[in-house]
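In the UniProt record's numbering, the protein residues as written are 1 to 66. Note that beta-carbon positions come from the ideal geometry of N, C-alpha and C, so glycine has one too.
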């Protein structure tokens with residue numbers, strides 16, 4: 001009887017539990033996205049943004065050259 005109560009309190013994922021399947025698939029998708037490289041076009045865009053920020057901040061605040 002005590003064993004039945006323990007199983008009811010923490011049943012864990014059931015076979016065919018849609019939440020478990022969704023979780024597993026999302027983890028696989030996230031892992032595959034994590035392993036992808038960053039496209040060169042995106043890196044170029046980030047570099048242009050950095051240059052524009054430096055040019056803007058340098059023109060507005062002469063203290064940056066110290």
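Alpha-carbon spacing of residue i relative to residue j, whole angstroms
i, j, result
"residue 27", "residue 46", "28 Å"
"residue 49", "residue 32", "27 Å"
"residue 41", "residue 54", "20 Å"
Check: In chain order, which continuous runs of the beta strand (DSSP E) of length 3 or greater are located wholly inside the UniProt domain "Anti-sigma factor NepR" (20 to 53)?
Finding: none
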